[in-house]
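*Asks:*
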Amino acid sequence: MTLQHARRDINAVDAFTSTSTQCPDNKMTDALRNQFLKMHNARRSSLAKGEIAKNTGNLLPKSSNMLKMKYDCTLEQGAIQWASQCGSAGSPESTRQGVGENFKRFPAANFPTFADATKKAVTEWWKVVRKVPGIGMAATFRPHHVGTPIESFTQMGWALSGKLGCSIVKCSSEYVGVCRYSPKGNNVGQSVYKVGNVCSACPSGASCNPSEALCVV
76 MTLQHARRDI
86 NAVDAFTSTS
96 TQCPDNKMTD
106 ALRNQFLKMH
116 NARRSSLAKG
126 EIAKNTGNLL
136 PKSSNMLKMK
146 YDCTLEQGAI
156 QWASQCGSAG
166 SPESTRQGVG
176 ENFKRFPAAN
186 FPTFADATKK
196 AVTEWWKVVR
206 KVPGIGMAAT
216 FRPHHVGTPI
226 ESFTQMGWAL
236 SGKLGCSIVK
246 CSSEYVGVCR
256 YSPKGNNVGQ
266 SVYKVGNVCS
276 ACPSGASCNP
286 SEALCVV
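For the sequence shown, the numbering used here assigns the number 76 to the initial residue and increments by one for each residue that follows.
1. Quick one: residues in its chain with C-beta nearer than 6 Å to the C-beta of D179, no 5 flanking neighbours on either side, listed in chain order?
2. How big is the Cα-Cα spacing for G175 and C161?
3. So for A281, helix, strand or coil by DSSP?
4. Can you tell which of Q110, H115 and T94 has the C-alpha that lies nearest to the C-alpha of W201?
5. Residue ranges of each alpha helix (DSSP H) run of no fewer than 4 residues wholly in the region 123 to 164, ordered along the chain?
6. With distance defined between alpha-carbon atoms, name the residue in Q172, V204 and N177 nearest to I155.
7. Just to confirm the assignment, what range does the beta strand (DSSP E) spanning E249 have?
8. Hey, out of Y250, S95, H220 and M212, whose CA is closest to S138's CA?
9. Determine the direct distance from the alpha carbon of G222 to that of F186, and round the result to whole angstroms.
10. Have a look at R82 and C241 and give me their C-alpha separation to the nearest angstrom.
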């Protein structure tokens with residue numbers, strides 16, 4: 076099996092720079108790190124503003140405590156290690172205690188660059204909210220959500236998961252995308268986010284970015 080990382084494939088990022096300065100040389104580029112981060116925060120912003128529709132067509136309520144994510148090199152390292160195994164499923168939770176994860180494996184044929192593959196992975200994780208039964212208007216993660224497709228959306232939108240680290244790896248004719256989150260989301264009985272006016276319940280020490288409706292630490 077041929078394994079390619081973003082840093083090793085000069086054609087992987089086309090218009091993107093291949094510079095890697097944000098983290099140690101973990102076989103990722105700054106451009107891809109920023110793409111993962113921006114795509115997550117843009118979606119969290121839309122969720123916080125009450126702009127995301129469920130599979131019923133109804134809009135989910137606004138969030139009062141949605142953190143703006145920051146990129147984390149330690150989480151990235153773990154994501155790279157798992158993605159590089161070219162497996163077919165996410166890692167056992169016991170191997171990453173306190174850390175959440177999203178995993179996606181898909182054919183590379185229609186995605187010529189790592190940037191294209193990054194967009195595909197994040198989009199797939201998020202769009203399940205429009206396709207499957209999900210969280211109710213109280214935005215609570217229930218026992219019946221465990222092990223279902225909605226988990227990728229709820230982890231991306233988990234308000235207090237403030238740190239993100241990701242990897243995108245090409246395994247022969249397929250890509251493997253992994254993102255890790257800290258602290259982990261998808262905790263049964265807890266709220267994915269607090270429902271209320273945007274930024275009205277930001278965690279202590281956080282400020283509000285009103286244009287994004289996100290709490291900034």
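From the three backbone atoms N, C-alpha and C, an ideal C-beta is built for every residue, glycine too.
Remember, it's a predicted structure, so these values are computed and weren't measured experimentally.
*Replies:* Let's see:
1. First, the residue type needs correcting, since residue 179 is Lys and not Asp in the sequence shown. Cβ within range, chain order: A196, E199 and G252.
2. 19 Å
3. coil
4. H115
5. 148 to 158
6. N177
7. E249 to S257
8. M212
9. 28 Å
10. Annotation note: pLDDT 48 at R82 (below 50); position unreliable, no value reported.
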